[in-house]
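In short: position in the sequence shown from 1, add 12, done, that's my numbering.
Read the structure below first, then the notes.
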Amino acid sequence: MFFFSMKYSIASYIRSASYIIKAGLIDHAKEELSRAGLFDKDSDYNGLIGKAVMELVKCFSNQGHSGFSANWVLDLFNQLGKYKTLSPITDNPKEWMEVSENMWQSKRNPALFSENNGKTYYDVDNKKRLKTRSKKYKKY
Numbered sequence: 013m014f015f016f017s018m019k020y021s022i023a024s025y026i027r028s029a030s031y032i033i034k035a036g037l038i039d040h041a042k043e044e045l046s047r048a049g050l051f052d053k054d055s056d057y058n059g060l061i062g063k064a065v066m067e068l069v070k071c072f073s074n075q076g077h078s079g080f081s082a083n084w085v086l087d088l089f090n091q092l093g094k095y096k097t098l099s100p101i102t103d104n105p106k107e108w109m110e111v112s113e114n115m116w117q118s119k120r121n122p123a124l125f126s127e128n129n130g131k132t133y134y135d136v137d138n139k140k141r142l143k144t145r146s147k148k149y150k151k152y
């Protein structure tokens, strides 16, 4: 009986702590966005930025991440939200689309352009426009 009650109280504590953390993040985000004026009708996009961020915060909060998984998810989301890739760009023709004569654009990262169908490419966001060699595509 002691084991059952101890197990129940630990589970209750974890649920309570999870709720407090979840509510804390949502409250924190709402307060900070309000202070920054991002819900105001006269802010950029008529207050819709604050609303959009709150939707993301609520979704993220409901996933119940630990500190480790939270950082991992945030890092991946940040990369993907910026159209960054998670694995190397290859010279696979399916990754490239011809946008004009002798000019291809990466389908995986729209800032990457190639003059030789993806064998080498440059990033328009990089001011030096250094060419990078694509990884050789291998069929598995």
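Positions of the beta carbon are idealized from the N, C-alpha and C atoms, including for glycine.
- Straight-line spacing of the CA atoms in TYR134 and ASP87 works out to 24 Å.
- In this chain, the alpha helix (DSSP H) harbouring VAL69 covers 60–74.
- Straight-line measurement puts the Cα of CYS71 at about 28 Å from the Cα of LYS119.
- The beta carbon of ARG141 is closer than 6 Å to those of TYR134 in its chain, skipping five residues each way along the sequence.
- In this structure, the CA atom of ASN114 is about 10 Å from the CA atom of PHE125.
- Distance between LYS143 and THR132, taken at the CA atoms: about 6 Å.
- Looking at the backbone, the Cα of LYS53 and that of PRO122 are separated by about 32 Å.
- Pairing SER46 with GLY62, the inter-Cα distance amounts to about 8 Å.
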